[in-house]
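Notes to accompany the following structure.
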Amino acid sequence: MSTIARLTVAEYDRMVNAGVFDQGRRVEFIEGKIREMSPIGPEHEFAVDELNERSVLSVVGKGVRVRIQETLGLPKLESVPQPDVSWVRRETRQKPARPEAEDVFLVVEVADTSLGYDLGEKANLYAAAGIRDYWVADCVNGRVVVHREPSPSGYGDVKSLSGNQSISPLSHPEVVFQPESFFRPTGS
């Protein structure tokens, strides 16, 4: 009988530091396993750029650091995800380690080819870690799926918003976004 060998975060970090992965290879470490990440297409890039710009402009001076495709540390879950956008406490710059769940205000994954993964396994991972506010920007359907009320078994509150409906991060309700602003206008 064969089994899959699971790694620890420390073992994964040693592999990264040793240059085991090609620079152009996109991988992420989830629940002890190294996962290939989908290539980034133009709609994905557009959405990440819009989220980045709108996020940075919205949180200047509010104690938030906006991170783009940088790792979070979820050591209890042997995971080092790389969300497309995360809002973390500004003071995490002073920490020697990756921001962890308690440092996170918001996580956003942009999905063009990874929708099932982001709404399924990724959502379960972030819920188990206690990430209070997780959004999936669905490029295919032009909507944002908002996940809140995390528990070890998943999110208790999941809503799909689109068009000019308003959405605000739990941590900063004064910041208001419309899902349509994250996506390229139809026909462009």
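So for the sequence shown, the numbering used here puts the first residue at 3; every next one is plus one. We put the beta carbon where it would ideally sit given N, CA and C, even for glycine. In this text the structure is predicted, and so the values were computed from the model without any measurement.
Between the alpha carbons of GLY181 and SER168, how many angstroms are there, rounded? Reading the sequence as shown, one finds Pro at residue 181 and not Gly. Using only the alpha carbons, I get a separation of about 7 Å.
Sequence-distant residues of the same chain with beta carbon closer than 7 Å to LYS64, five excluded per side: Cβ neighbours of LYS64 within its own chain (closer than 7 Å, five residues either side excluded): HIS174.
Who are the Cβ neighbours of ARG150 in its own chain at under 7 Å, not counting the five residues just before and after it? Here ARG150 has ARG134, ASP135, TYR157, ASP159, LEU172 as same chain residues with Cβ atoms under 7 Å from its own Cβ, once five neighbours each way along the sequence are excluded.
CB-CB length for GLY75 against ARG100, believed under 8 Å: For GLY75 against ARG100, the beta-carbon gap comes to about 3 Å, under 8 Å, which counts as contact.
Closest to PRO85 by C-alpha separation, out of SER155, ALA103, GLU93, PHE23, would be which residue? ALA103 is the residue among SER155, ALA103, GLU93, PHE23 whose C-alpha sits nearest the C-alpha of PRO85.
Inside the stretch 80-149 only - beta strand (DSSP E) runs reaching at least 3 residues: Qualifying beta strand (DSSP E) stretches, in chain order: 87-91, 106-113, 135-140.
Between LEU59 and PHE184, how many whole angstroms is the CB-CB distance? I'm expecting something under 8 Å. Actually they do not touch by this definition, with Cβ atoms about 14 Å apart.
Separation of ARG27 from ALA139, as counted between CA atoms: Roughly 23 Å between the two C-alpha positions.
For SER57, the first and last residue of its enclosing alpha helix (DSSP H): Bounds of the alpha helix (DSSP H) holding SER57 are 44-61.
Please state whether DSSP places GLU13 in a helix, a strand or coil. Reduced to three states, the DSSP call for GLU13 is helix.
Going by other Cβ atoms of all chains shown within 10 Å of its Cβ, with 16 needed for buried, is PHE179 buried or exposed? When all chains shown are included, PHE179 counts as buried.
Quick test of your reading: ALA40 and THR115, contact by CB under 8 Å. State the CB separation rounded to the nearest angstrom. Here residue 40 turns out to be Ser, not Ala, going by the sequence shown. Indeed, because the Cβ distance is near 5 Å, the residues count as touching under 8 Å.
With a Cβ-Cβ cutoff of 8 Å, do VAL87 and HIS46 count as a contact? Taking the C-beta atoms as reference points, HIS46 is found no nearer than 8 Å to VAL87.
Judging by CA-CA distance, which residue of ALA125, ILE42, PRO77 is the nearest neighbour of ALA12? The option with the nearest alpha carbon to ALA12 is PRO77.
Give the single residue among VAL147, LEU108, VAL177, GLY132 whose Cα lies nearest to the Cα of SER155. Of VAL147, LEU108, VAL177, GLY132, the residue nearest in Cα terms is GLY132.
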